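Written below as structure tokens is the structure these notes are about.
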Amino acid sequence: MANWFLLVLYTALIVWWCNAPYTYGMSTNETDRLALLAFKAAIDDQASIGALSSWNDSVHYCDWHGILCSRRHRNRVVMLNLTSKGLVGSLSPHIGNLSFLRRINLSNNSFHGPIPEEISRLFRLQVIRLTNNSFDGGLPNNLSRCSNLEVLYLANNHLSGNIPYQLGSLSKLRYLHLAKNKLSGTIPPSIGNLSLLVKVSFYYCNLQGEIPEGIAKLRQLTVLYFDYNKLSGNIPSSIYNISTLTVFSVQFNRLEGNIPPDLGSKLPNLWFLGFLNNLFTGMIPTSLSNASGLESINFGVNNFIGPMPKDLGELLSLQEMNFQFNQLKDDISFISSLTNCTKLKTLVVNGNLLKGSLPNSVANLSIDLSFMVLEENQLHGSIPSGIGNLLNLNVLYLANNYFSGHVPDTIGRFHKLHRLYLDMNKFTKLPSSIGNLSALNLLYLGQNNIRGSIPLSLGNCQQLLALDLSHNNLYGSIPLEIMNLSSISISFNLGYNSLTGSLPSEVGSLKNLAEFDVSNNRLSESIPNSLSGCLSLEVLQLEGNLFEGEIPQSLSKLRGLRELDLSRNNLTGLIPSYIGELALEKLNLSFNMLYGEVPTQGVFRNASAISIVGMDNLCGGVAELNLPSCPSSKSNTNKLSHKTKMVLCVVVALVICSTLVVSLFMFRYRRRVSRKEASSKPFFEHQILRVSYADLLKATNGFSEANLLGIGNYAPVYKGVLDQDQIVVAVKVLNLQLRGALKSFMLECKALQTVRHRNLLKVLSACSSIDFHGNEFKAIVYEFMANGTLDGWLHQNGVAEHEYLKASQRLDISIDVASALEYLHCGCESTIIHGDLKPSNVLLDDTMVAHIGDFGLAKIISAASTDVLQHQSNSSAIRGTIGYIAPEYGMGDVASTVGDVFSFGILLLELFTGKRPTDNMFKDHLNLHTFVKNALPDRVMDVVDPYIQLEHNNGSWINDCMVSILTIGVACSSESPRDRMEMETIVSKLCKIKKYYLGERRVETVES
């Protein structure tokens, strides 16, 4: 009986011992307690909002929040779990004294400083989770001593340096997560020793080099994330034999080579496949349908060729499909097979060579489809009305195709649509149902053939941020309904239509609008004062209308305005002085009826930033404008006697009579002068300076070599300073001994006598005279360009070695040159073909604004007839500069605007690669065009100018900008003229790229 009692008592004691709560009176391990107190001491308790307030002597440390002690070793800490507690501070090295610790989880806090080396003492550790903190420094090399480690999560910190090869000795490691750190170097081959590894995540780690072959030994691997690094070379073929892989993602690297055609058979368990944004080539594997669980396929932005896979409809779990920006050549019928993919949410195939019309089966795609991007292909025909069945669409991009006809009424069913891009097609009509898109943020319908009035229903789109209806055939007045869309903040563009009536005063409701463009319409009456309500305006374009009256004083409230264009209207009155107080960078007031004094403050200080041509009654301004001085406010004639005034009147009358007699004599004389002699003395409508041979000889110090700026085809160009007003000029002196020099002089004079554009080199005067030796002398006097030629900047000719063009400057220059060519081709009374566009003929003023010069090979086509060119000799058509001449000129074709486009394309490629088209590297079948084309889109940073690479050493956004710019250059320099763009389209695209570039730069600046 006693033995039985003792047995029961002993059992009870054991049960009590195992289940008794930890109290202060328990035995205490002083080492663990002190280690935890040291941990707490390294935490900023005030910043951490008292998260460790329970850590005090009134409670046993085993009962402190986040602490778990061992039942077998009652007073030893085995787990420290303080995830998401808002802790701020460093990790104390005393953590290494918790020698029984098995798990540590400090994720989602604000720890900073290094991970202490002392953590390597914890040989019992199985789990380390320190993700989403701010730990910095390198990974502890001796972490390999934690031989029982199974989970190592250090993602989203600021860790730097190489991944230690010693990690390869953690033989029990199953989960390795180092993503989103600032690591460098390569992936250590020792990773292949981690035979139990199930997941490895190295994305956003700045790693480079090749993927080690040893990874193929990880036969239990299910997840491999190597996205957003700089990995290069081929993927080791043996990796495709890891049949356990469910996630295989190497997106945004520099990997290359072909993908095995049997990938889907070798990796049957895949559900995520990511090869986006690399340099892969060949065809897309036809076996993808064998990986029946695939949910996401990302093959976009590579160099894949061939047709679209035909069996993707068998992937019943497919949710995301991205094949954008490849060279896939197929019809669009593959969409019909995707109707079986009832879970499909994202369909992205833009930027390929897909043809045909959208099949009616588009109506049967997944009701869950939210993202559909088909833009930049060769699709045509009308949009099937059944597309309205896709009720959950958030994004629909069909831009830059050949779609035509009416936009279907059923588009009004997209109540969840946020972005609709239908621009650059051939649509002819908008449905009123477009007003049903109540969730719409971005609507782009520009560059179509849309006719009729603007739908009033657009006023229902109360969440619009951007609206573009430009370059269509819209007529009628601007509806008040859309003027009340106060949500519009990015841009509002109605330019290049046939809108009439006034600009509604309701425009003042657009208080958050940044860019407003109603240019090139037929709007009339005065500019409304209510524009002052658009306080966020940065760009205001009202040019090319019939606005009249004075420039309203109310615009003075637009303090953020950077660009203002009021040109080509009927505005009268003085130029308001407040314009000089605005933060303007560009101002165009040309071709109005303004008069009086030109201000000299603000933007008016920079003559190259303003345009005031086409107005003869202006005076004053800065000297560079070459305007006459304004009369004194107090006329001296008021002080003259009556008798003196009478004498003056008689004298004036005699002068007038004499002038009439002389004019009559000159008129009769000129009628007897041959047409050829008359044409040899060009008249510049905007000519102000009168210069003689003697003036130019003195200005250039006797045409000294020290003043020589450069030598063109027919003439040296000298820098000079004219005595009259100490104006710095460039003087082009024709070498009349050269055949064609005189013709070049006449062509240039004729081409430039009526053109006016801020990006054309301004001609100040021309001199046709006799030199002191009795020889014929002809020269043209230009505005001096302080920063020389574009050629000099690109190839360091006369430019300091430390000076180079930034990417933003190159983009601005390309827009300047394109704008000038667009004006010459489309904006003049007669079409003007430059004929010799190249970097040495692009000059830069003191603010780096580009100006096209040297019209010695220009051709002028009458606005009434194109017969002029058809009667030119073929020999004249092929003159120009090797490397920039359109290939058709060499086959006898006459000069044309598309020839200028070719030259611009080559100039654009040279501008962003820094390589001349005549570089020694270009031989056999390789030229600048094919050199860049072969690098697009994935190796684009390999061909851009090294200075751009130094300026932008990371960021996918600069890669995107370079791809877009060089794609334009490649298209413009196509061998076939019909494949080249029009200058109007080029200007539009470059301006959009600049907008994107500036937006991303702002983000980068804020983040840095």
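Mapped onto mature numbering (1 follows the signal peptide of the UniProt record, and there is no 0), the consecutive letters of the sequence shown carry residue numbers -25 to -1, 1 to 983.
Note that the Cβ used here is the ideal one computed from N, Cα and C, for glycine as well.
Model, not experiment: these values are computed from the prediction.
**Prompt:** Terminal residues of the continuous alpha helix (DSSP H) containing A674?
**Reply:** Y668 to A674
**Asked** Is I923 near I968, with beta carbons less than 7 angstroms apart?
**Response** no
**Item:** T317: first and last residue of the uninterrupted beta strand (DSSP E) it sits in
**Value:** That residue, T317, is in no beta strand (DSSP E); it is neither H nor E in DSSP.
**Message:** Tell me the rounded alpha-carbon separation between F887 and S85.
**Reply:** 43 angstroms
**Asked** Is G855 buried or exposed, if buried means 16 or more other CB atoms sit within 10 Å of its CB?
**Response** buried
**Prompt:** Who does G249 pair with in a DSSP beta bridge?
**Reply:** S224 and N273
**Item:** Three-pair Cβ contact test at 8 angstroms for the stretch 222 to 233 versus the stretch 195 to 208
**Value:** yes
**Request:** Could you check which residue in D305, N278, G275 and F579 has the C-alpha nearest to that of K285?
**Result:** D305
**Prompt:** Are the stretch 782 to 794 and the stretch 894 to 909 touching by the rule of at least three beta carbon pairs closer than 8 angstroms?
**Reply:** no
**Prompt:** Among the residues of its own chain, which have a CB less than 8 angstroms from the CB of N376, if the five just before and after it don't count?
**Reply:** L349, E350, E351, N352, Q353, L354, H355, M399 and N400
**Request:** Measure from the alpha carbon of P91 to the alpha carbon of each residue in S33, Q195 and L114, then state which is nearest.
**Result:** L114
**Item:** Cutoff 7 angstroms; reference K673; Cβ partners in own chain excluding five residues on either side
**Value:** D698
**Request:** State the CB to CB distance for the pair S583 and T822, rounded to an integer number of angstroms; the pair is presumed to be in contact (CB under 8 angstroms).
**Result:** 6 angstroms
**Request:** Indicate whether H381 and A414 have their beta-carbon atoms separated by less than 7 angstroms.
**Result:** no
**Asked** With a Cβ-Cβ cutoff of 7 angstroms, do I217 and L196 count as a contact?
**Response** yes
**Item:** Those runs of the beta strand (DSSP E) which lie wholly inside the stretch 120 to 161 and span at least 3 residues
**Value:** 126 to 128, 133 to 136 and 150 to 152
**Prompt:** Helix, strand or coil for E803 per DSSP?
**Reply:** Inspection of the sequence shows that residue 803 is occupied by Cys rather than by Glu. C803: coil per DSSP, three-state reduction.
**Request:** Counting only the same chain and skipping the five closest in sequence on each side, list residues whose C-beta sits under 8 angstroms from that of P260.
**Result:** I234, P235, P236, D237, L238, G239 and P284
**Asked** What are the residues that DSSP puts in a beta bridge with I686?
**Response** P691
**Request:** Return the chain-ordered list of same chain residues with a C-beta closer than 6 angstroms to the C-beta of V678, the five sequence neighbours on each side being excluded.
**Result:** Looking at the sequence itself, residue 678 is Phe, so the reference to Val does not match. The residues are Y693.
**Prompt:** Going by other Cβ atoms of all chains shown within 10 Å of its Cβ, with 16 needed for buried, is N545 buried or exposed?
**Reply:** exposed
**Same chain, Cβ closer than 6 angstroms to E513, neighbours up to 5 away in sequence not counted** = A489, G535 and R537
**Asked** If you drop the 5 nearest sequence neighbours on each side, which residues of the same chain put their C-beta closer than 8 angstroms to that of I745?
**Response** Y668, E751 and F752
**Request:** Check whether the Cβ atoms of V708 and A754 lie closer than 7 angstroms to each other.
**Result:** yes
**Message:** For a test of the three-state rule: what should DSSP assign to N72, helix, strand or coil?
**Reply:** helix
**Request:** Identify, in the order they occur along the chain, each residue of the same chain with its Cβ nearer than 8 angstroms to the Cβ of T675, setting aside the five sequence neighbours on each side.
**Result:** N682, Y693, K694, G695 and V706
**Item:** Rounded C-alpha distance that separates L478 from D540
**Value:** 15 angstroms
**Request:** Within 10 angstroms of the Cβ of Q516, are there 16 or more other Cβ atoms? Answer buried if so, exposed if not.
**Result:** buried
**Message:** Measuring CB atoms only, is the stretch 902 to 910 touching the stretch 761 to 770, in the sense that at least three cross pairs come out at less than 8 angstroms?
**Reply:** no
**Request:** Taking 7 angstroms as the cut-off, decide whether the C-beta atoms of Y450 and S473 are in contact.
**Result:** yes
**Request:** Over the uninterrupted alpha helix (DSSP H) stretch that includes V915, give me the two end residues.
**Result:** V915 to V918
**Message:** Among the candidates S805, M568, M458 and K964, whose CA atom is the shortest distance from the CA of L439?
**Reply:** M458
**Request:** Select from F223, L171 and S871 the residue whose C-alpha is nearest the C-alpha of I186.
**Result:** F223
**Segment limits, alpha helix (DSSP H) that includes V482** = That residue, V482, is in no alpha helix (DSSP H); it is neither H nor E in DSSP.
**Request:** Please report the residue range of the beta strand (DSSP E) in which Q101 lies.
**Result:** Taken as a continuous stretch (DSSP letters only), Q101 belongs to no beta strand (DSSP E), as it is neither H nor E.
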